[in-house]
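Enquirer: Have a look at this one before I ask anything.
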């Protein structure tokens, strides 16, 4: 069914920041205080439908992201939805081109802005078809999936023809996987809410027990406090979760390459599935070296939260640097680029375990992981579940009593934030940010920087 | 001589854009219209001195850069200059840390903003010492150079101790190289002004002849128009410059990896020194593959203009992907990170040929290349000279009649733009941007995008 003609008539961009640092959510060794934030774009249309897209930031600099979205968003005003969706791969390439490309080709803040704009188009498209985003893509033919991807820079690893062949091989069994998705059996959950560095030992123990009673077996914890402190902390976590619990640790880019290898060797007896972000996300060769060195110790390597584009993932896969592809649904250029990374990961046989440790991330990734299972890999992987701020969303993510993500059912890409949140948390006009504590947080340019005075 | 105590009291950030696209300056296959632009920061001090720093953009999105600079710049207000310069490596790490890091660690727009802030500190420091920036660094002890660098993520290739050893080995002959620098014999120039794609054949011929009469032997040209057109264009350039002319071509990330190899093989008879930016700047393994494949054809590979940080350069060197390191003086985190890339390049024996194809770039790079020669590599390389917009600067770059860059003599980092430029070209308030043509350019969100309607 073709969508009826819909024209984009205008847009709004809003700076939304939740003061998550007050609860120590989002703390890690590189950032002692993070405020989950969105550069939040809405496209208005002549059909009454609104297309919503956002990218995630961590407090300071969210205004930079909003400025970038304001720069790109006008490109689609006056355009019909069908003129954009007829070839979404080309639409991606065009939004990534031009003068603005020089500042940061497919990287950094500009890539986040590109994602927000394309997310809004995908959201609008899915709403126009009255389908959740994952189902819109699940109902594509292989040719339609390929047309959504910009294959530039990928052809040495994945051509459109190879992608078609992979997608066609999954077609015969797709209906069965759609059935599983509709029964909430597509995407098993794992838990990280227990692991933020700011939490006390007691709080971590309590959160773990609560998670286990909900059926979780996978747990991810922040590390990097120093070997003694980490061994103590991870040791009691291992005690609480028992031998059958699967533990992962994350140090958020803390180490140099050889330092990561040495440190992790000393944690081998704790039986960790992988070390996440051991070093700079740009260090492809470094990740490959770390993985090779830790393999004899039974420890894998994962990264992706800060990987900006398909070219970096291509190389991480070529270099055999990863045991899990932790793509971030905002860091890449929306569903377009995510599809290319899902395909490459499937080709190399590496599971996709999306990063979803922030507000709204689970909402987006429950679509992404469902698409991976239903359309691309055909295999169940796992998806991080963090339990904060779901109440802020019109179509909140949730998990089942047996530890699966609930497959989204509302039309769209689950991007819409409840209007009431803006009254409190839009920055700087919301009531929280106008309060004394809010003003103090906003006016501290060093907030979250290790080693500096922060208020 | 220690500088007297100077305190930073405030700052201004201005959006400066020259309408260079009107002269077809800055055109390439990925961007059909570029406006050389600065996010321009000035720190005011209680001593009357002003520290100036900027990063380069290409028109649209320069406001994103300015917003990013405004976010970071407050961190140094109220600080004394000596508290920042006592350990510039640590100062770099601190400005790259905190909430803002999450959006784009040491990449993209945030890295450009980091550069602008640190450039302003270096400029202020050199002015306080009444020395041109290159001389400030040339007068450092090896220990002082090492203290200016953040070695995070580098230790698998370069440790502080190894850097010290390299720098000490150059100390004995440094005075002689300083003498050469003072005689304008440190940095040979090469020419790209003839090569922008927007120029007609006649204009290219005329510009080449003029450059040759000024003593230039190296010429770089844009390519990527298609094999037939490129062969025709490069063929007549080869005719004009003769066998002794050294030709380089640049396609600004146009191709996929295997496409680059196939295309360039067909240009082998034109005897090209290197192909610049054959593919995505993020594709380290791709550049290595292209270089290996083209080596038998006598064609080298270069990149760097879009390389964001020391970790990417580290890997390009580890992977033996480069014949020339084309670092960009704004893309990296100022002199701090440039020093680390100079050291790694020297360690791997690859010449540094900085990118300086835009307004103000030659002004900065004449310091950078002088530092490379005097302090780090001890070897003469070459530096791009483009001849537009020098008149806009308080301390303009220039070349000697025998084809060397004039070594800067004015105190500071040659960042200061003449105040009169802002009246015309500050955006959007300047007279040019308020004019009919200026408004039309600003209001075209597709400007420069290949295949789109642009005005």
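Residue numbers (the numbering used here), protein chains in the order written: chain Z, 1 to 455; chain S, 1001 to 1455. Note that the Cβ used here is the ideal one computed from N, Cα and C, for glycine as well.
(1) Do residue 108 (chain Z) and residue 1110 (chain S) come within 8 Å of each other at the CB atom, strictly closer than that value?
(2) For residue 114 (chain Z), I'd like the list of residues in its chain whose CB is within less than 7 Å of its CB, leaving aside the five on either flank, ordered along the chain.
(3) Between which two residues does the alpha helix (DSSP H) carrying residue 379 (chain Z) extend?
(4) Which same chain residues end up closer than 7 Å to residue 1348 (chain S) when comparing Cβ atoms and leaving out the 5 residues on each side of it in sequence?
(5) Using the rule of at least 16 other Cβ atoms within 10 Å of the residue's Cβ for burial, across every protein chain shown, is residue 168 (chain Z) buried or exposed?
(6) Since residue 392 (chain Z) and residue 405 (chain Z) should fall inside the 8 Å C-beta cutoff, what is the C-beta to C-beta distance between them, to a whole number of angstroms?
(7) Ordered along the chain, which non-local residues of its own chain (more than five positions away) have a Cβ less than 7 Å from that of residue 65 (chain Z)?
(8) How long is the line joining the alpha carbons of residue 377 (chain Z) and residue 296 (chain Z), rounded to whole angstroms?
(9) Using beta carbons (cut-off 8 Å, strictly below), is residue 160 (chain Z) in contact with chain S?
(10) Below 9 Å on C-beta distance, what does residue 354 (chain Z) contact in chain S?
(11) Within a Cβ cutoff of 6 Å, which residues of the same chain sit near residue 1286 (chain S), ignoring the five residues on either side of it in sequence?
(12) Distance, Cα to Cα, residue 137 (chain Z) vs residue 303 (chain Z)?
(13) When the cut-off is 8 Å and only beta carbons count, does residue 306 (chain Z) lie next to chain S?
(14) Residue 345 (chain Z) by DSSP, collapsed to three states: which one?
(15) Within a Cβ cutoff of 8 Å, which residues of the same chain sit near residue 145 (chain Z), ignoring the five residues on either side of it in sequence?
(16) Would you verify that the beta carbon of residue 446 (chain Z) is, or is not, closer than 8 Å to some beta carbon of chain S?
(17) Mapping the DSSP letters down to three states, classify residue 60 (chain Z) as helix, strand or coil.
(18) Tell me which residues share the same chain as residue 1425 (chain S) and place their Cβ nearer than 8 Å to its Cβ, disregarding the 5 neighbours each side in the sequence.
(19) Anyone know if the C-beta pair for residue 1126 (chain S) and residue 1089 (chain S) falls short of 8 Å?
(20) Would you mind reading off the limits of the beta strand (DSSP E) that contains residue 1386 (chain S)?
(21) Alpha carbon to alpha carbon, what distance is there between residue 24 (chain Z) and residue 1364 (chain S)?
(22) Can you tell me whether residue 1149 (chain S) is helix, strand or coil according to DSSP?
(23) Using Cβ-Cβ distances below 8 Å, what residues of the stretch 1275 to 1302 of chain S are close to chain Z?
(24) Give the straight-line distance between the Cα atoms of residue 1254 (chain S) and residue 1277 (chain S), rounded to the nearest whole angstrom.
(25) In three-state terms, what does DSSP make of residue 303 (chain Z)?
(26) Looking only at DSSP bridge pairs, what is residue 210 (chain Z) linked to?
(27) Listed from N- to C-terminal order along the chain, which residues in the stretch 1097 to 1131 of chain S have their beta-carbon within a distance smaller than 9 Å of any beta-carbon of chain Z?
(28) Does DSSP put residue 1446 (chain S) in a helix, in a strand, or in coil?
(29) Per DSSP, which one or two residues make a beta bridge with residue 324 (chain Z)?
(30) If you reduce the DSSP assignment to three classes, tell me which class residue 1091 (chain S) lands in.
(31) In the DSSP assignment, find the beta strand (DSSP E) that holds residue 15 (chain Z) and state where it starts and stops.
(32) According to DSSP, is residue 276 (chain Z) part of a helix, a strand, or is it coil?
(33) When the Cα of residue 281 (chain Z) is compared with those of Z:93, Z:50, Z:311, which residue comes out closest?
(34) Is it buried or exposed for residue 1176 (chain S), if we count other Cβ within 10 angstroms and need 16 for buried?
(35) Determine, for residue 1457 (chain S), whether the minimum Cβ-Cβ distance to residues of chain Z falls below 8 Å.
(36) Given that residue 136 (chain Z) touches chain S, what residues does it touch there, using C-beta distances under 9 Å?
Expert: Taking the definition as stated:
(1) As a first step, residue 1110 (chain S) must be located in the second chain, where it is residue number 110. As a first step, residue 108 (chain Z) must be located in the first chain, where it is residue number 108. In this structure, residue 108 (chain Z) lies closer than 8 Å to residue 1110 (chain S) by Cβ.
(2) Your numbering for residue 114 (chain Z) matches position 114 in the first chain. A distance below 7 Å between beta-carbons, with the five flanking residues on each side excluded, links residue 114 (chain Z) to the following residues of its chain, in chain order: 72, 95, 96, 333.
(3) The sequence position of residue 379 (chain Z) within the first chain is 379, counting from 1. Boundaries cannot be given for residue 379 (chain Z), as no alpha helix (DSSP H) includes it and DSSP labels it neither H nor E.
(4) Within the second chain, the letter at position 348 stands for residue 1348 (chain S). The residues are 1317.
(5) The residue labelled residue 168 (chain Z) in the question sits at position 168 within the first chain. Here residue 168 (chain Z) is exposed: its Cβ has fewer than 16 other Cβ atoms, across all protein chains shown, within 10 Å.
(6) To locate residue 392 (chain Z), count along the first chain from 1; it is residue 392. To locate residue 405 (chain Z), count along the first chain from 1; it is residue 405. Contact annotation, residue 392 (chain Z) with residue 405 (chain Z): C-beta distance approximately 18 Å; criterion of less than 8 Å not satisfied.
(7) Within the first chain, numbered from 1, the residue matching residue 65 (chain Z) stands at position 65. Hits under 7 Å: 39, 55, 57, 109, 112, 113.
(8) Residue numbering aside, residue 377 (chain Z) sits at position 377 when the first chain is read from its first letter. Residue numbering aside, residue 296 (chain Z) sits at position 296 when the first chain is read from its first letter. When rounded, the separation of the alpha-carbon atoms in residue 377 (chain Z) and residue 296 (chain Z) is 28 Å.
(9) Looking up residue 160 (chain Z) in the first chain gives position 160. No - not a single Cβ of chain S is within 8 Å of the one on residue 160 (chain Z).
(10) Here residue 354 (chain Z) refers to the residue found at position 354 of the first chain. In chain order: nothing, as chain S lies at least about 17 Å away.
(11) In the second chain, residue 1286 (chain S) corresponds to position 286, counting from 1. Non-local C-beta neighbours of residue 1286 (chain S) in its own chain, meaning closer than 6 Å and more than five positions away in sequence, comprise 1257, 1279, ordered along the chain.
(12) Translated into positions along the first chain, residue 137 (chain Z) becomes position 137. Translated into positions along the first chain, residue 303 (chain Z) becomes position 303. Approximately 26 Å between the Cα atoms of the pair.
(13) What you label residue 306 (chain Z) is simply residue 306 of the first chain in a count that begins at 1. Interface criterion met: the Cβ of residue 306 (chain Z) is under 8 Å from a Cβ in chain S.
(14) As a position in the first chain, residue 345 (chain Z) is number 345, starting the count at 1. DSSP places residue 345 (chain Z) within a helical segment (H, G or I) once states are collapsed to three.
(15) In the first chain, the residue the question calls residue 145 (chain Z) occupies position 145. So the qualifying residues of the chain are 137, 163, 167, 339, 375.
(16) Here the question's residue 446 (chain Z) lines up with position 446 in the first chain. It does: the Cβ of residue 446 (chain Z) has a partner Cβ on chain S nearer than 8 Å.
(17) Taking the first residue of the first chain as position 1, residue 60 (chain Z) is located at position 60. The answer is coil: DSSP assigns residue 60 (chain Z) none of H, G, I, E or B.
(18) In the second chain, the residue the question calls residue 1425 (chain S) occupies position 425. Shown here for residue 1425 (chain S): same chain residues with a beta carbon closer than 8 Å to its own, the five before and five after excluded, namely 1016, 1017, 1018, 1019, 1432, 1433 in chain order.
(19) Counting from 1 along the second chain, the entry for residue 1126 (chain S) is found at position 126. Counting from 1 along the second chain, the entry for residue 1089 (chain S) is found at position 89. Contact: no.
(20) For the purposes of this step, residue 1386 (chain S) is taken as the residue at position 386 of the second chain. Where residue 1386 (chain S) is concerned, there is no enclosing beta strand (DSSP E), because DSSP gives it neither an H nor an E.
(21) For the purposes of this step, residue 1364 (chain S) is taken as the residue at position 364 of the second chain. For the purposes of this step, residue 24 (chain Z) is taken as the residue at position 24 of the first chain. Using only the alpha carbons, I get a separation of about 43 Å.
(22) Locating residue 1149 (chain S) in the second chain gives position 149, where the first residue counts as 1. The answer is coil: DSSP assigns residue 1149 (chain S) none of H, G, I, E or B.
(23) From the stretch 1275 to 1302 of chain S, only 1279, 1280, 1281, 1282, 1283, 1284, 1285, 1286, 1289 have a Cβ closer than 8 Å to chain Z.
(24) Numbered from its first residue, the second chain carries residue 1254 (chain S) at position 254. Numbered from its first residue, the second chain carries residue 1277 (chain S) at position 277. So the two alpha carbons sit approximately 8 Å from each other.
(25) Stepping through the first chain from its first residue, residue 303 (chain Z) is reached at position 303. Per DSSP, reduced to three states, the secondary structure at residue 303 (chain Z) is strand.
(26) Indexing the first chain from 1 puts residue 210 (chain Z) at position 210. Residue 210 (chain Z) is bridged by DSSP to nothing; it lacks a bridge partner.
(27) Residues 1097, 1098, 1099, 1100, 1101, 1102, 1103, 1104, 1105, 1106, 1107, 1108, 1109, 1110, 1111, 1112, 1113.
(28) Residue mapping note: residue 1446 (chain S) aligns to position 446 of the second chain, counting from 1. Three-state result, residue 1446 (chain S): coil.
(29) Walking along the first chain from the start, residue 324 (chain Z) turns up at place 324. According to DSSP, which records beta bridges pairwise, residue 324 (chain Z) is partnered with Z:302.
(30) The residue you call residue 1091 (chain S) lines up with position 91 of the second chain. Assignment of residue 1091 (chain S) by DSSP, reduced to helix, strand and coil, places it in the helix class.
(31) Here residue 15 (chain Z) is taken as the residue at index 15 of the first chain, counted from 1. Run containing residue 15 (chain Z): 8 to 17, per the beta strand (DSSP E) assignment.
(32) For the purposes of this step, residue 276 (chain Z) is taken as residue 276 along the first chain, with counting starting at 1. Residue state, collapsed to three classes: strand.
(33) What you label residue 281 (chain Z) is simply residue 281 of the first chain in a count that begins at 1. Measuring from the Cα of residue 281 (chain Z), the nearest candidate turns out to be Z:311.
(34) Within the second chain, numbered from 1, the residue matching residue 1176 (chain S) stands at position 176. The C-beta of residue 1176 (chain S) has fewer than 16 other C-beta atoms within 10 Å across all chains shown, which makes the residue exposed.
(35) No information on residue 1457 (chain S) is available, as it lies outside the stretch 1001 to 1455 that chain S covers here.
(36) Numbered from its first residue, the first chain carries residue 136 (chain Z) at position 136. The premise fails here: residue 136 (chain Z) is roughly 27 Å from chain S at the closest Cβ pair, so nothing lies under 9 Å.
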